[in-house]
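Q: Residues in the sequence shown are numbered consecutively from 10, following this note's numbering.
Idealized CB from N, CA, C, for every residue including glycine.
Keep in mind it's a predicted model, so treat the numbers as computed, not measured.
Here's a structure for you.
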Amino acid sequence: MVFETKQKKVGRNDPCPCGSGLKYKKCCLGREYLNNDDIKKSYFKNYRIKLKGSADIEAIKKAGRLAIDLLDMVEENLRPGMQTDEINTMVHNHTIRSGATPAPLNYRGYPKSVCVSLNEEICHGIPGDRVLREGDIANVDVTPILNGYYADASKTFFVGKPGPDALKIVRVARESLKAGMAMVKPANRVGDIGWAIQNLAEEQGCSVVREFVGHGVGFEFHEPPQIPHYGQKDRGIMLVPGMVFTIEPMINLGKKELHILADKWTAVTSDKSLSAQFEQTILVTEEGFESLTPYDLDAPLC
Ligand code: MF3
Ligand code: CO
Ligand code: CO
Numbered sequence: 010m011v012f013e014t015k016q017k018k019v020g021r022n023d024p025c026p027c028g029s030g031l032k033y034k035k036c037c038l039g040r041e042y043l044n045n046d047d048i049k050k051s052y053f054k055n056y057r058i059k060l061k062g063s064a065d066i067e068a069i070k071k072a073g074r075l076a077i078d079l080l081d082m083v084e085e086n087l088r089p090g091m092q093t094d095e096i097n098t099m100v101h102n103h104t105i106r107s108g109a110t111p112a113p114l115n116y117r118g119y120p121k122s123v124c125v126s127l128n129e130e131i132c133h134g135i136p137g138d139r140v141l142r143e144g145d146i147a148n149v150d151v152t153p154i155l156n157g158y159y160a161d162a163s164k165t166f167f168v169g170k171p172g173p174d175a176l177k178i179v180r181v182a183r184e185s186l187k188a189g190m191a192m193v194k195p196a197n198r199v200g201d202i203g204w205a206i207q208n209l210a211e212e213q214g215c216s217v218v219r220e221f222v223g224h225g226v227g228f229e230f231h232e233p234p235q236i237p238h239y240g241q242k243d244r245g246i247m248l249v250p251g252m253v254f255t256i257e258p259m260i261n262l263g264k265k266e267l268h269i270l271a272d273k274w275t276a277v278t279s280d281k282s283l284s285a286q287f288e289q290t291i292l293v294t295e296e297g298f299e300s301l302t303p304y305d306l307d308a309p310l311c
């Protein structure tokens, strides 16, 4: 989703989000605490975050299973010479066949059922007559709505055999998502996720896109909170069990700057360098996290 400023943070001296009235550092900081009604109420009141219960989580998991199936289907059928619109047709038809709805279609005027972003395209590429060529990288981003619940996931695929640059940016983008996920546990904060991602990507000489961020998801396509893929440790909203959000780092091989094409959607790197992205829908659990779109992030890259 598009980054919007105006993020509230919980400081050590702020009121504890559990609603006790104590300072956060005197109360829940560093302590495991339960997904009780008070937290649910205060997270909604303070941040408009809707924590998910077990029935919600089961339903999002089912949508997530479909998201993985869609990505698997695209991967199996991807080949040089194919138009990106053929990917749209496959995703659209399989979504409908499965009793679901593609969330992108008509979302804020978006005209297709999936985003397909090639090479220098960062995100929100609109499927059309562009043809996949040997050596391209293609991010495919799907969001099915099943029984009213949303799951959001994407992967970057190689078209044919990748060159060294393609291999590098896809590897770094996938590692970035893993590094972000590894920070997800109760009492960590939103800033820890972005910090871990930025560290990893910049260490590899790559850059992190700022204008698009991860987001709460499940009841709607884009819910609070925003999850930036850069930032500082120990800052931002505290993670609590029942939060569901995406992590979806967009990593550029060159500079972080972007612009939007005349179609008003497609974001491209300003220096025309390659950009890659991986996205999963993540649940905060008592122990840490669980992916609700759990495709393998350790499989051989090609
Ligand atoms: N799936 C994208 C995300 O990860 C959003 C796409 S919005 C669309 O948040 F309208 F372009 F589909
Ligand atoms: Co998303
Ligand atoms: Co997405």
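Could you spell out the range, first to last residue, of the beta strand (DSSP E) harbouring residue 163?
A: Where residue 163 is concerned, the enclosing beta strand (DSSP E) stretches over 162-167.
Q: How long is the line joining the alpha carbons of residue 389 and residue 51, rounded to whole angstroms?
A: No information on residue 389 is available, as it lies outside the stretch 10 to 311 that the chain covers here.
Q: Rounded to a whole number of angstroms, what is the C-alpha to C-alpha distance between residue 247 and residue 298?
A: For residue 247 and residue 298, the distance between alpha carbons rounds to 14 Å.
Q: Looking at the unbroken beta strand (DSSP E) that takes in residue 223, where does it start and where does it end?
A: Its beta strand (DSSP E) spans residues 223-225.
Q: For residue 143, which residues of its own chain have a beta-carbon under 8 Å away from its beta-carbon, when the five flanking residues on both sides are left out?
A: If we look at residue 143 and ignore the five residues flanking it on each side, its Cβ neighbours are 89, 168, 169, 170.
Q: Quick one: grab the DSSP three-state call for residue 104.
A: Of the three classes helix, strand and coil, the one that applies to residue 104 here is helix, per DSSP.
Q: To which residues does DSSP link residue 124 through a beta bridge?
A: Answer by DSSP bridge pairing, in chain order: 150.
Q: With H, G and I counted as helix, E and B as strand and the rest as coil, what does DSSP make of residue 91?
A: The answer is coil: DSSP assigns residue 91 none of H, G, I, E or B.
Q: Hey, out of 211, 28, 174, 151, whose CA is closest to residue 145's CA?
A: Comparing Cα positions, the closest option is 174.
Q: What's the C-alpha gap between residue 285 and residue 183?
A: Roughly 8 Å between the two C-alpha positions.
Q: For residue 98, which of helix, strand or coil comes out of DSSP?
A: DSSP places residue 98 in helix when its eight states are reduced to three.
Q: Just the C-alpha distance for residue 242 and residue 294, rounded to the nearest angstrom, thanks.
A: Straight-line Cα distance between these residues: approximately 20 Å.
Q: Are residue 206 and residue 217 close, meaning C-beta to C-beta below 8 Å?
A: Yes, the Cβ-Cβ distance between residue 206 and residue 217 is below 8 Å.
Q: With a threshold of 7 Å (Cβ to nearest heavy atom), would residue 282 be considered close to ligand 3?
A: It does not: the Cβ of residue 282 is nowhere closer than 7 Å to a heavy atom of ligand 3.
Q: Please state whether DSSP places residue 190 in a helix, a strand or coil.
A: It is helical.
Q: So, residue 310 versus residue 198, is the Cβ gap smaller than 8 Å?
A: No, these two residues do not count as a Cβ contact at 8 Å.
Q: How long is the line joining the alpha carbons of residue 36 and residue 211, rounded to whole angstroms?
A: Approximately 35 Å between the Cα atoms of the pair.
Q: How many Å lie between residue 132 and residue 48 at the Cα?
A: Residue 132 and residue 48: Cα-Cα distance of roughly 34 Å.
Q: Excluding five sequence neighbours on each side, which residues of the same chain lie with their C-beta closer than 6 Å to the C-beta of residue 43?
A: In this prediction, residue 43 has a pLDDT of 49, which is less than 50 and means its spatial position is unreliable; nothing more can be read from the coordinates.
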